[in-house]
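First the structure, in the form of structure tokens, and then the observations on it.
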Amino acid sequence: MGEQLSGPDEDKLNGVLKDNIDVFIWTTTNMPGVNPRVAFHKQSIYKDARPVTQKKRKIGEERMIAAEIEVEKLLKSNFIRKVHYTTWLTNVVLVKKSNKKWKMCLDYTDSNKACPKDAYPLPSIDHLVDRAFGHHILSFLDAYSGYNQIPMYHINSEKIAFITNFVNNCYNIMPFGLKNARTTCQRLMNRIFWDQIGRNVEVYVDDMVVKSNNVE
2 MGEQLSGPDE DKLNGVLKDN IDVFIWTTTN MPGVNPRVAF HKQSIYKDAR
52 PVTQKKRKIG EERMIAAEIE VEKLLKSNFI RKVHYTTWLT NVVLVKKSNK
102 KWKMCLDYTD SNKACPKDAY PLPSIDHLVD RAFGHHILSF LDAYSGYNQI
152 PMYHINSEKI AFITNFVNNC YNIMPFGLKN ARTTCQRLMN RIFWDQIGRN
202 VEVYVDDMVV KSNNVE
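Counting from 2, one number per residue, gives the positions in the sequence shown under the numbering used here.
Next up, the structure:
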């Protein structure tokens with residue numbers, strides 16, 4: 002809540018948020034996700050590309066425990082599923098965040114090299130800033146796990162399978178790190194806000210700003 006808002010304006014905004022609390026998601030298990038008839042991500046692979054099965058890398062005990070915890074969360078949220086007889090397989094990479102917790106990433110280097118680039122244009126950030134400039138009220142929104150709300154195309158989701166300690170898994174939803182993930186997300190957002198972008202909303206991938214000249 003912006004510090005520059007006056008008492009009455011802050012009360013109005015609080016009222017709007019409380020009246021529409023049903024649109025907010027607090028955990029991944031409550032995410033309805035995007036209907037695949039609206040959008041999905043397809044990990045296209047060149048026809049002449051040879052599948053790459055990465056050898057399992059050795060990771061330390063602390064990283065291994067962190068990865069197992071994350072995998073359990075993903076399974077519970079139905080973000081991933083167990084797979085067998087995979088032809089593409091990648092390793093997990095654990096990165097320590099500023100809060101000292103581990104973040105699980107995936108090494109999709111090989112799969113991305115075999116994937117053609119989607120040339121769908123992303124918005125110019127300079128133009129977004131120019132169009133938002135001068136408005137009295139700006140509300141910044143961030144889609145909760147925005148990428149993860151987009152389903153994977155089920156036929157080729159096993160092309161992004163990854164190695165864990167005891168079993169291999171693949172994603173049911175679009176994970177971070179895929180070559181064309183941002184363009185898939187932007188294409189969806191443009192479809193959702195097609196009649197509002199440039200008028201009262203600006204969108205860059207999964208970040209949005211709602212702009213207005215008055216509180217009402």
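Just so it is clear, CB atoms sit at the ideal spot from N, CA and C, and this is done for glycine as well.
Computed from a predicted model, the values in this text were never measured in an experiment.
Taking C-alpha positions only, Lys56 is separated from Val39 by approximately 36 angstroms.
Nearest C-alpha to Lys212 among Pro122, Val130, Lys114: Val130.
Beta-carbon to beta-carbon, Lys77 and Thr28 are separated by about 10 angstroms, too far to satisfy the 8 angstroms threshold. A straight-line Cα-Cα distance of about 34 angstroms links Met2 and Leu95.
Setting aside the 5 residues that flank it on each side, Thr87 is surrounded in the same chain by Thr54, Glu159, Ala162, Asn169, Cys171, each with a C-beta closer than 8 angstroms to its C-beta; the list follows chain order. For Cys116, the three-state secondary structure derived from DSSP is coil. Lys13 and Met65 have their C-alpha atoms some 48 angstroms from each other.
Following the DSSP letters along the chain, one finds Asn15 inside the alpha helix (DSSP H) bounded by residues 8 to 20. For Glu73, the uninterrupted alpha helix (DSSP H) run begins and ends at 62 to 77, by DSSP. Boundaries around Ile126 are those of the alpha helix (DSSP H), 126 to 133, since no beta strand (DSSP E) includes it. Straight across, the Cα-Cα distance linking Lys102 with Glu69 is about 14 angstroms. In summary, His155 is exposed, with fewer than 16 beta-carbon neighbours lying within 10 Å of its beta-carbon over all protein chains present. The Cβ atoms of Val210 and Ala144 lie no closer than 8 angstroms to each other. Annotation: the continuous alpha helix (DSSP H) that includes Ile193 extends over 182 to 193. Annotation for Glu159: no beta strand (DSSP E) segment contains it, and DSSP assigns it neither H nor E.
The beta carbon of Arg192 is closer than 8 angstroms to those of Val39, Ala40 in its chain, skipping five residues each way along the sequence. In the three-state scheme derived from DSSP, where H, G and I count as helix and E and B as strand, Asp207 is classed as coil. For Asn170, the uninterrupted beta strand (DSSP E) segment begins and ends at 169 to 172. A distance below 7 angstroms between beta-carbons, with the five flanking residues on each side excluded, links Pro52 to the following residues of its chain, in chain order: Thr88, Trp89. Annotation for Ile198: no beta strand (DSSP E) segment contains it, and DSSP assigns it neither H nor E.
The alpha-carbon separation between Arg58 and Ile174 amounts to approximately 24 angstroms. In the three-state reduction of the DSSP assignment, Asp143 falls in the strand class, which pools E and B. Residue nearest to Met32 within the set Phe194, Asp207, Gly147, Leu18 is Gly147 (criterion: CA-CA distance).
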